[in-house]
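J.:
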Ligand code: AHM
Ligand code: MG
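Numbering (the working numbering), first residue to last: 10 to 350.
1) For the beta strand (DSSP E) holding residue 180, just list the boundary residues, first then last.
2) Would you decide whether residue 38 is buried or exposed? Buried here means 16 or more other CB atoms lie within 10 Å of its CB.
3) For my contact list, residue 335 and residue 252 are in at a C-beta cut-off of 8 Å; report their separation, rounded to the angstrom.
4) Regarding residue 312 and the ligand AHM, is the C-beta to nearest heavy atom distance less than 6 Å?
5) Near residue 321, what residues of its chain come up, given a Cβ to Cβ distance below 7 Å and the 5 sequence neighbours on each side ignored?
6) Is it right to say residue 347 is buried, meaning 16 or more other beta carbons lie within 10 angstroms of its own, or is it exposed?
7) How big is the Cα-Cα spacing for residue 351 and residue 145?
8) Return yes when at least one heavy atom of the ligand MG lies under 6 Å from the C-beta of residue 295, else no.
9) Is the region 323-331 close to the region 218-235, with three or more CB pairs under 8 Å?
10) Is the number of C-beta pairs between the region 85-96 and the region 246-265 that are closer than 8 Å three or more?
11) Using a threshold of 6 Å, is the CB atom of residue 266 nearer than that to any non-hydrogen atom of the ligand MG?
12) Would the region 123-142 count as touching the region 107-114 if we require 3 or more Cβ pairs under 8 Å?
13) With a threshold of 7 Å between beta carbons, is residue 246 in contact with chain B?
14) Using 7 Å as the threshold, is the C-beta distance between residue 215 and residue 307 below it?
15) Excluding the 5 residues preceding and the 5 following residue 300 in the sequence, name in chain order all residues of the same chain whose CB lies nearer than 7 Å to its CB.
16) Go through its chain and collect everything with a Cβ distance to residue 209's Cβ below 7 Å, but skip five positions before and after it.
17) Where does the unbroken beta strand (DSSP E) through residue 196 begin, and where does it stop?
18) Terminal residues of the continuous alpha helix (DSSP H) containing residue 336?
19) Which one of 151, 231 and 244 has the shortest CA to CA distance from residue 297?
20) Regarding residue 136 and the ligand AHM, is the C-beta to nearest heavy atom distance less than 6 Å?
21) From residue 178 to residue 33, what distance separates their C-alpha atoms?
22) How would you call residue 154, buried or exposed, if buried means at least 16 neighbouring beta carbons within 10 angstroms?
23) So is the beta-carbon of residue 131 under 6 Å away from any non-hydrogen atom of the ligand MG?
24) Look up residue 105 in the DSSP assignment and say whether it is helix, strand or coil.
25) Taking all protein chains shown into account, do 16 or more other C-beta atoms lie within 10 angstroms of the C-beta of residue 212, making it buried, or fewer, making it exposed?
26) Using 7 Å as the threshold, is the C-beta distance between residue 123 and residue 117 below it?
27) What is the rounded straight-line gap between the Cα of residue 127 and the Cα of residue 48?
28) Whose CA, out of 262, 91, 166 and 41, lies closest to the CA of residue 137?
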């Protein structure tokens, strides 16, 4: 006998099942990759548990030291950093990790096996927003190792974003979401806390080709290049035909700003300026994984002149300008930055 399909049951796609069914499409898959994603989803739940306690327990506030990028480290950043590392260090999936909070590579402890993948992560993006209960998130990027075996090296980590085999982010907002891609569409899962499972809520996300929202820290306007200033002025000009003026939205959590851009379209920019020629955002931890997601959803990501995913990284904490979002909007931004408009 077969059960008739009902609307409710046919929608019942857990993250776990999605990962397993994705792996089945690759007959040579060893399960290593599925195990890696599964371990990440567990790490996400552990971080979420602490995030939801923020304000209730004494985990908010700073630890009174700065991370390698000079930012003040919050306790929750450290918790997320350590939790992700510990959830991922023993499974035999990874040969090395790198985290935005740590200056050097994070090696797999000697008593655990090495795997064929590399994990790069920003444990808690937007952490300046924690105390205000604003959406924050974790961002991750996965590469296949280049070296043959043993401990992973810098060579394994410093690969251009186009070589990522998976990337995604976890949003800690009004609900918790796990958004990922392995190069076959972008899929979003929302945590059903009552059963502790991520359920498919956003299948095959497609970013609109053009949007009507721009997202950038305009407080930096006077530090921007004349080209960048002209681009923003263009977005604010009245022109019914091209849907201008655009609306401004800036959360100040990259992961949340990009998530909104992915769903609604438009453009997020963090350009270089007089003070920081390469802007603020890190290529390996932020720009590459988000560029991979947005490209896989039909959008684009550029440093203003070239595709983010084509940049060969030179160092772990390298920064690049970021223009990311709807394809048409990113291409107009590039024309302005290039002085063509
Ligand atoms: P971080 O919180 O991981 O250090 O990331 C940097 C954050 C991004 O989330 C956000 O988009 C950006 O810094 C905001 O910068 P600014 O305050 O200059 O607008
Ligand atoms: Mg960040």
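Note that beta-carbon positions come from the ideal geometry of N, C-alpha and C, so glycine has one too.
T.: So, from the data block:
1) The residue labelled residue 180 in the question sits at position 171 within the chain shown. Looking at the DSSP string, the run of the beta strand (DSSP E) that includes residue 180 is 173-181.
2) Position 29 of the chain shown, counted from the first residue, corresponds to residue 38. When all chains shown are included, residue 38 counts as exposed.
3) As a working mapping, residue 335 is identified with position 326 in the chain shown. As a working mapping, residue 252 is identified with position 243 in the chain shown. The C-beta distance from residue 335 to residue 252 rounds to 11 Å, too long to fall under 8 Å, and the pair is not in contact.
4) Your numbering for residue 312 matches position 303 in the chain shown. For residue 312, the shortest separation between its Cβ and any heavy atom of the ligand AHM does not lie below 6 Å.
5) In the chain shown, counting from the first residue as 1, residue 321 sits at position 312. Apart from the 5 residues on each side of it in sequence, residue 321 sits with its Cβ closer than 7 Å to the Cβ of 169 in its chain, given in chain order.
6) In the chain shown, counting from the first residue as 1, residue 347 sits at position 338. Exposed is the call here.
7) The shown model of the chain, from 10 to 350, leaves out residue 351, and the question about it has no answer.
8) Against the chain shown, residue 295 aligns to sequence position 286. Yes.
9) When Cβ pairs closer than 8 Å are counted between the two stretches, the region 323-331 is seen not to touch the region 218-235, the count staying below three.
10) Counting Cβ pairs under 8 Å, fewer than three are found: no touch.
11) Residue 266 sits at position 257 when you count from the first residue of the chain shown. False, no ligand heavy atom lies under 6 Å from that Cβ.
12) By the criterion of at least three beta-carbon pairs nearer than 8 Å, the region 123-142 is in contact with the region 107-114.
13) Included in the structure is just one protein chain, with no chain B present.
14) Counting from 1 along the chain shown, the entry for residue 215 is found at position 206. Counting from 1 along the chain shown, the entry for residue 307 is found at position 298. Going by beta carbons, residue 215 and residue 307 fall inside the 7 Å limit.
15) Counting from 1 along the chain shown, the entry for residue 300 is found at position 291. In chain order, 170, 310, 317, 318 and 333 place their CB closer than 7 Å to the CB of residue 300, counting only its own chain and leaving out the 5 sequence neighbours on each side.
16) Here residue 209 refers to the residue found at position 200 when the chain shown is read from its first residue. 22, 27, 196 and 198, listed in sequence order.
17) Here residue 196 corresponds to residue number 187 of the chain shown, with the count starting at 1. For residue 196, the enclosing beta strand (DSSP E) starts and ends at 196-201.
18) As a working note, residue 336 is residue 327 in the chain shown. Note, residue 336: alpha helix (DSSP H), 336-346.
19) Residue numbering aside, residue 297 sits at position 288 when the chain shown is read from its first letter. Closest option to residue 297, Cα to Cα, is 151.
20) As a working mapping, residue 136 is identified with position 127 in the chain shown. Because some heavy atom of the ligand AHM lies under 6 Å away, the Cβ of residue 136 counts as near it: yes.
21) Start at 1 with the first residue of the chain shown, and residue 178 comes out as number 169. Start at 1 with the first residue of the chain shown, and residue 33 comes out as number 24. Distance between the alpha carbons of residue 178 and residue 33: 23 Å.
22) Position 145 of the chain shown, counted from the first residue, corresponds to residue 154. Residue 154 comes out buried.
23) Taking the first residue of the chain shown as position 1, residue 131 is located at position 122. Yes; taking the cut-off as 6 Å, the Cβ of residue 131 has a heavy atom of the ligand MG nearer than that.
24) Against the chain shown, residue 105 aligns to sequence position 96. Secondary structure at residue 105: strand, using DSSP grouped into helix, strand and coil.
25) Translated into positions along the chain shown, residue 212 becomes position 203. Of the other Cβ atoms in all chains shown, fewer than 16 fall within 10 Å of the Cβ of residue 212; this residue is therefore exposed.
26) Against the chain shown, residue 123 aligns to sequence position 114. Against the chain shown, residue 117 aligns to sequence position 108. Yes, they are a contact pair.
27) Along the chain shown, read from residue 1 onward, the residue named residue 127 stands at position 118. Along the chain shown, read from residue 1 onward, the residue named residue 48 stands at position 39. Those two C-alpha atoms are separated by around 14 Å.
28) For the purposes of this step, residue 137 is taken as residue 128 along the chain shown, with counting starting at 1. Across the set 262, 91, 166 and 41, the C-alpha of 262 shows the shortest separation from the C-alpha of residue 137.
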